[in-house]
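Below you'll find the structure, written out as structure tokens, and then a few comments.
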Amino acid sequence: MKEKYKVTNYPSKNMKTETYKVGEVFVTKHYYDAKDAYIRELIHVEEGVKEVKHFSVKGVLAKVEYFVKELRHGIETKYSLAKADKSVKSTKTYENGKLHGECITYNDNAKVIKQEVYADGKLVLKYVRNDANKITNIQIVDQGSTLNLPATEQERLQENMQKNPDWFK
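For the sequence shown, the positions run 164 to 332 when our numbering is used.
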């Protein structure tokens, strides 16, 4: 059951925002200014984590992002609007408001076109791929920041250095 229900409207009388609480979850919906408009943003706040879903004018999911204490935190996912089938366009990993972890961009065929790894907001690694989409090289952009990489990325870097030393030439 919805508690603390509140609605605001645009000057056109179309619904602008809708806010309410369901159990322990706070929900906010922002709408486009049009008759029978789709939701522009859907915000859920539960246990200190804010999930924000962004939608296009046609109602297609465009992006999902997370915040903790108003700082980006977790994986931000952008979706391809052209396909409207939740095809992932890119992912970025945040911690305490800074890029921290793997960031990947995909083409329309779901092939990786850019793969980078960040630590505390600094670009540390770039993965270089050939036309067949195979990794051919890993560039260490900031040697000093490799120790600040997330544990999984440090392990993967060490493993790649042992198994594929030619990638680091």
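C-beta: ideal position from N, C-alpha, C; glycine also. This structure is a prediction, so every number in the text was calculated from the model and none was measured.
Element boundaries [alpha helix (DSSP H), containing residue i]
i: asparagine 172; result: Taken as a continuous stretch (DSSP letters only), asparagine 172 belongs to no alpha helix (DSSP H), being part of the beta strand (DSSP E) at 165–172.
i: asparagine 323; result: 314–326
Residues that DSSP places opposite residue i in a beta bridge
i: lysine 289; result: Glu279 and Gln302
i: histidine 263; result: Answer is none; histidine 263 lacks a bridge partner.
i: valine 215; result: Ile206 and Glu228
Cβ shell of residue i (< 8 Å), same chain only, five flanking positions each side left out
i: aspartate 196; result: Tyr173, Ser175, Asn177 and Lys179
i: glutamate 133; result: Absent from the model: residue 133. The displayed extent of the chain is 164 to 332, so no value can be given.
Same chain, Cβ closer than 7 Å to residue i, neighbours up to 5 away in sequence not counted
i: tyrosine 281; result: Leu262, His263, Gly264, Cys266 and Val287
i: glutamate 316; result: Gly264, Glu265 and Val280
i: leucine 224; result: Lys216, Phe218, Tyr242 and Lys249
Inter-residue Cα distance where the pair is residue i and residue j
i: glutamine 321; j: alanine 245; result: 38 Å
i: lysine 289; j: isoleucine 298; result: 10 Å
i: tyrosine 242; j: asparagine 272; result: 13 Å
i: leucine 234; j: serine 308; result: 22 Å
Cβ-based neighbour list, residue i, same chain, cut-off 6 Å, excluding 5 preceding and 5 following
i: lysine 169; result: Thr182
i: isoleucine 238; result: Thr254 and Thr256
i: threonine 268; result: Ser253, Ile276 and Lys277
i: glycine 284; result: Lys261 and Leu262
i: phenylalanine 189; result: Val208
Terminal residues of the beta strand (DSSP E) in which residue i lies
i: leucine 244; result: Where leucine 244 is concerned, there is no enclosing beta strand (DSSP E), given that its DSSP letter is neither H nor E.
i: glutamate 181; result: 178–185
i: threonine 191; result: 188–194
Stretch-stretch touch, CB-based, cutoff 8 Å, three pairs: the region 226–233 with the region 271–285: Judged by pairs of C-beta atoms under 8 Å, the region 226–233 does not touch the region 271–285, as fewer than three such pairs exist.
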